[in-house]
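Counting from 1, position 27 in the sequence shown corresponds to residue 70 in my numbering; the numbering is continuous, with no gaps. From the three backbone atoms N, C-alpha and C, an ideal C-beta is built for every residue, glycine too. Treat the numbers as computed from the prediction; the structure is a model and nothing was measured. Some notes on the structure that comes next.
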Amino acid sequence: MIIAMILAGGVGSRVNADRPKQFIEVFDKPVLAYTIDIFEENEQIDAIEIVCHDNWIHYLEQMVRKYKYTKVKWITRGGSTFQKSVINGIQCLDKNINNNDYVLIHYGAAPFTSSYIVEDVIRVMKKRGNAFSATPCYQLMGTNDGEESKKWIDRDSCLQIASPYGFKFAYLKSVYERADKEGLLEKIEPHVTSLIYALEDVLYKAYGDQTNIKITTKADIELFKAYVLMKQKEKQERD
């Protein structure tokens, strides 16, 4: 079984909105609903778990009913940090799935992800045990030294890491168990992949491209509006 764990527990303060960014409405539909669509419509996904901001669980339950999401099987409370939210999600799944199942971790505010990206992460995850969407760095890169930039960085040595992150469930649990024993959970930048690097494990690359971004700023919301209109036009032309 393949389960999508969608993280919707953050507040997204950099968007400067009156609500968490995953619940901002774009053409009368929450960003989170567009993200759920990605996995609801993918035939390889068997079930969806949503780790939700505590104050928005009732809203989410209404949203699931409104859009008739049949794959959303579990809604659990988010934590005070990214890592605690993932741990809550793992603990919920541990009661409901097997160690040999697979879990894709995805951000609720990452609605751009294509089905091709999801399927390639699944392909690599099944072969290697873990996978992430990897995009080459196409822009020139330099160091950020306050108001100056003093050193050029070889972009070919860098990758942009994006969700979904895919894991065999037994391995995902082991990452957090080992990280807890080594005292890493409060020290490491809040990403599953960061913990894996800190544990000196190996991450495996799946397909990624520059469209696979997470909504972080107000400008990203405007970009997503254009993306939705483009997809609607493409659908009309096909129909």
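Requested in this report: Could you spell out where the alpha helix (DSSP H) holding C135 opens and where it closes?
Outcome: Translated into positions along the sequence shown, residue 135 becomes position 92. Residues 125 to 137.
Report task. Could you tell me the boundaries of the alpha helix (DSSP H) in which F212 lies? Result -> Counting from 1 along the sequence shown, the entry for residue 212 is found at position 169. 212 to 224 is the span of the alpha helix (DSSP H), which, as asked, contains F212.
**Report entry** Helix, strand or coil at L227 according to DSSP, with G and I counted as helix
**Finding:** Residue numbering aside, residue 227 sits at position 184 when the sequence shown is read from its first letter. Three-state DSSP puts L227 in coil, outside helix and strand.
Report task. Using the Cα positions of V54 and E265, report the straight-line distance between them to the nearest angstrom. Result -> Here residue 54 corresponds to residue number 11 of the sequence shown, with the count starting at 1. Here residue 265 corresponds to residue number 222 of the sequence shown, with the count starting at 1. So the alpha carbons of these two residues sit roughly 18 Å apart.
**Report entry** Every unbroken alpha helix (DSSP H) within the segment 158 to 208, with a cutoff of 4 residues, ordered by chain
**Finding:** Complete alpha helix (DSSP H) runs here, min 4: 158 to 171.
Query raised in the report: Exposed or buried, what is L147 when buried is set at 16 or more other beta-carbons lying within 10 Å of its beta-carbon?
Result: Position 104 of the sequence shown, counted from the start, is the residue given in the question as residue 147. Flag for L147 reads buried.
Query raised in the report: So, helix, strand or coil for E277, using DSSP?
Result: Position 234 of the sequence shown, counting from 1, holds the residue named residue 277. Correct three-state label for E277: helix.
**Report entry** When F210, Q253, R120 are compared against F175, the one with the closest alpha-carbon
**Finding:** Indexing the sequence shown from 1 puts residue 175 at position 132. Comparing Cα-Cα distances from F175 to each of F210, Q253, R120, the minimum goes to F210.
Report task. Might you give, ordered along the chain, the residues of its own chain that have their beta carbon closer than 6 Å to the beta carbon of M184, omitting 5 neighbours on each side? Result -> Counted from its first residue, the sequence shown places residue 184 at position 141. A distance below 6 Å between beta-carbons, with the five flanking residues on each side excluded, links M184 to the following residues of its chain, in chain order: I196, R198.
Query raised in the report: What does a CB cutoff of less than 6 Å around S192 pick up in its chain, not counting 5 residues either side in sequence?
Result: Taking the first residue of the sequence shown as position 1, residue 192 is located at position 149. G185, T186.
**Report entry** Enclosing beta strand (DSSP E) for I45 [first to last residue]
**Finding:** Residue numbering aside, residue 45 sits at position 2 when the sequence shown is read from its first letter. For I45, the enclosing beta strand (DSSP E) starts and ends at 45 to 51.
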